[in-house]
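Encoded as structure tokens, the structure appears first; notes follow it.
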Amino acid sequence: MLLLLIGVILKVSRSCAVDIANCPYEETVNLSNYASQANGSIFYQNIEITKAWQGYYDYEQYFNGVNVNVAMHLRGCVCKFKKCIKLCCQRSELINGNGQCITNIGANSSHSSDFIIITQTNGEFKKVDIFNHFIWQMGRPCNRVAQFHSTAQSNWSLLENGTLKVRRIEQSMYYTTRDYCLSQVYDVHDNEYTYEPFSCLILNPSWDVFIKKYAMLISIIFFIPTILIYLSFKELHGNLGGKLLISYLISLTMSYSVICYINFTTGAISPPACLILGYAGYFFVRAAFFWLSILSFDIWRNIKENLQTGIKSHNKLYWLYSLSVWGAGLLCTMLTALAEWSEIDNCWKPGIGTKHCWLDVSKWSASIYFYIPNMIIFLFNVIIFFNIISKINHLNRNLTAFCAKRRSQRDNALLILRLFLIMGVSWLLDIISYLLRDYVAAHYLFYLADFFNAILGFFIFILFIIKRRVFQLFQQRLSDQGTSTHFSRSNR
Numbered sequence: 003m004l005l006l007l008i009g010v011i012l013k014v015s016r017s018c019a020v021d022i023a024n025c026p027y028e029e030t031v032n033l034s035n036y037a038s039q040a041n042g043s044i045f046y047q048n049i050e051i052t053k054a055w056q057g058y059y060d061y062e063q064y065f066n067g068v069n070v071n072v073a074m075h076l077r078g079c080v081c082k083f084k085k086c087i088k089l090c091c092q093r094s095e096l097i098n099g100n101g102q103c104i105t106n107i108g109a110n111s112s113h114s115s116d117f118i119i120i121t122q123t124n125g126e127f128k129k130v131d132i133f134n135h136f137i138w139q140m141g142r143p144c145n146r147v148a149q150f151h152s153t154a155q156s157n158w159s160l161l162e163n164g165t166l167k168v169r170r171i172e173q174s175m176y177y178t179t180r181d182y183c184l185s186q187v188y189d190v191h192d193n194e195y196t197y198e199p200f201s202c203l204i205l206n207p208s209w210d211v212f213i214k215k216y217a218m219l220i221s222i223i224f225f226i227p228t229i230l231i232y233l234s235f236k237e238l239h240g241n242l243g244g245k246l247l248i249s250y251l252i253s254l255t256m257s258y259s260v261i262c263y264i265n266f267t268t269g270a271i272s273p274p275a276c277l278i279l280g281y282a283g284y285f286f287v288r289a290a291f292f293w294l295s296i297l298s299f300d301i302w303r304n305i306k307e308n309l310q311t312g313i314k315s316h317n318k319l320y321w322l323y324s325l326s327v328w329g330a331g332l333l334c335t336m337l338t339a340l341a342e343w344s345e346i347d348n349c350w351k352p353g354i355g356t357k358h359c360w361l362d363v364s365k366w367s368a369s370i371y372f373y374i375p376n377m378i379i380f381l382f383n384v385i386i387f388f389n390i391i392s393k394i395n396h397l398n399r400n401l402t403a404f405c406a407k408r409r410s411q412r413d414n415a416l417l418i419l420r421l422f423l424i425m426g427v428s429w430l431l432d433i434i435s436y437l438l439r440d441y442v443a444a445h446y447l448f449y450l451a452d453f454f455n456a457i458l459g460f461f462i463f464i465l466f467i468i469k470r471r472v473f474q475l476f477q478q479r480l481s482d483q484g485t486s487t488h489f490s491r492s493n494r
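If you read the sequence shown in this note's numbering, its first letter stands for residue 3, the second for the next number, and so on.
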């Protein structure tokens, strides 16, 4: 875990050393073969790129933000001054059936056209010459690209800003020049070469949308009844452990709900609402992590010391814990907001409310505000985890010498440990997939992490509700209601 922490820090420092401030990678072009003017400016397709918009990069970025290390080279932020599109190959080439660039024998014929239909911001269509209307970049988003084919279920359009919009039944998807390229394709029906978009093969899009949209929603469906059942029985929420668990589940439910709402309304949230939702989600996520640490700490504290505190002491301790958790969550959120609104370099900013409502996880700076704190909390919990295991082993060896209260403490500890193991797998998958996001295989790790998010609520429901004690409480409640009904009838 320490190696993971060091790895993230090195990644952050490395990425910030080369990025051009306020310029996403997809808005840059390679300037290595272009001559510099006396004032340091470089002209790219008649656009002047001043030194302020130049920077040295030691990586290239491909589909889904995958970075590949390359020799240090100069790049310029040309798309800030004129919108860009990307060609898969040179103007005189096209993509063949194997996804390779070959000479286009019809490039200079009357059957070749440089015109393409774009969708303007007002929704109207316009036919433009792509080499006059746009700056053109060159390159493919991955080694093997495939053509987008317009069908009844899916069709595409090129927006005025150079973004490719792919409309599908389940959801519209937007591709920047990082994730698509254009190549001429021969249209047999029109006897003409026209520009068509290509991109990388991805997993089933409908499954991708399902995972992103519904994974957390499935957990929420199980979180809510778990909270309600615990609130319904004093035997469950009357002690400190019950109160802490409810607080943890409320934080988890709120964070999942906010992120779910963001995922369901992508592109339809106003900037102010996006900002509020982003920081609200961040606050509840931080609080959930802190509450789980408090749960672990309190179990360790109870096992370490044979505490027999009364209700008043429990309440006082709960409010102390609450103040610590909500205060720490608020402090983290405020520091994150201050970083976003400060004058620090863009690569150090969290990106909440800018391109995304949530943290911009395409940047390594997300580790500063999310993944590094998560790893520190995880390390803290691991230390407590092994300490609790040691104490439980000691209890098991001397169980007969302990009273029922100590046996109950041991059982509660085992329950929280199971919860921590489930959460730990989810955390580790999330952290590892983020660290390995420069590799294509990380895409599958993200799916696995989302899957664990989907089943987390179910596991928590099984752990804390499907128990003999809870069933007995339900039976007692039903029995009491039956007795009460019978008594009221007999007194009529």
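Every residue, glycine too, gets a C-beta built ideally from N, C-alpha and C.
Distance between residue j and residue i (C-alpha atoms, nearest Å)
i    : j    : result
I379 : K236 : 31 Å
R420 : Y216 : 24 Å
N100 : Q122 : 33 Å
I104 : I97  : 6 Å
R303 : S295 : 12 Å
G243 : L251 : 12 Å
R479 : S315 : 28 Å
Y446 : A368 : 20 Å
I222 : A456 : 9 Å
I464 : L76  : 56 Å
L238 : E29  : 56 Å
G240 : T356 : 43 Å
S43  : Y197 : 32 Å
I132 : L458 : 49 Å
H488 : D482 : Note on H488: pLDDT 49, under 50, position unreliable in the model; no value is reported.
P375 : E62  : 28 Å
L438 : L230 : 39 Å
Q139 : T52  : 18 Å
I433 : F448 : 10 Å
A154 : M175 : Here A154 scores only 47 on pLDDT, less than 50, and its place in the model is too uncertain to base an answer on.
A23  : K82  : 12 Å
G67  : K129 : 31 Å
L205 : V80  : Low local confidence applies: a pLDDT of 48 at L205 is under 50, so the model's placement there is unreliable, with the coordinate-based value given in what follows. If you take the alpha carbons of L205 and V80, they lie about 32 Å apart.
DSSP beta-bridge partners of residue i
i    : result
H358 : I354
Q56  : G78
C86  : I137
G117 : Correcting the residue type first, residue 117 is Phe in the shown sequence and not Gly. BP columns for F117 point to D131.
D189 : E194
C103 : I97
M175 : V168
L184 : L89, P199
Y64  : V68
E50  : F45
Buried or exposed (CB count within 10 angstroms, at least 16 for buried), residue i
i    : result
K245 : buried
W343 : exposed
K351 : buried
F473 : exposed
F224 : buried
S2   : This structure cannot speak to residue 2, because the chain is shown only from 3 to 494.
G78  : buried
P143 : buried
W360 : buried
F127 : exposed
H151 : exposed
N69  : buried
H396 : exposed
L166 : buried
D347 : exposed
V425 : Correcting the residue type first, residue 425 is Met in the shown sequence and not Val. When all chains shown are included, M425 counts as buried.
V147 : buried
Q477 : exposed
T335 : buried
G73  : The sequence given here places Ala at residue 73; Gly does not occur at that position. Exposed, since its Cβ has fewer than 16 Cβ neighbours within 10 Å.
G164 : buried
Q92  : exposed
T267 : exposed
The stretch 284-303 contacting the stretch 252-259, beta-carbon criterion three pairs below 8 Å:
In short, these stretches touch, since the Cβ pair count reaches three.
Please confirm if the stretch 172-185 is in contact with the stretch 76-89, defined as three or more CB-CB distances below 8 Å between the two stretches.
Touching, yes.
Could I get the ranges of all uninterrupted beta strand (DSSP E) runs contained in the stretch 119-158, with 3 residues as the minimum, in chain order?
The DSSP assignment places 127-131, 137-140, 147-149 as complete runs of the beta strand (DSSP E) inside the stretch 119-158, in order along the chain (cut-off: 3 residues).
Three or more C-beta pairs closer than 8 Å, one from the stretch 45-61 and one from the stretch 376-392: is that the case here?
These segments do not touch.
The stretch 358-375 contacting the stretch 34-50, beta-carbon criterion three pairs below 8 Å:
The stretch 358-375, when compared against the stretch 34-50, does not touch it at the 8 Å Cβ threshold.
Would you call the stretch 192-199 and the stretch 424-438 touching, i.e. three or more CB-CB distances under 8 Å?
Here the stretch 192-199 does not lie against the stretch 424-438, with fewer than 3 beta-carbon pairs under 8 Å apart.
Please give the ranges of any alpha helix (DSSP H) in the stretch 419-469, keeping only runs that are unbroken, at least 4 residues long and fully inside the region.
Qualifying alpha helix (DSSP H) stretches, in chain order: 444-466.
Can you list the alpha helix (DSSP H) stretches of 4 or more residues lying completely in the stretch 221-295, in chain order?
The qualifying runs are 236-239, 242-266.
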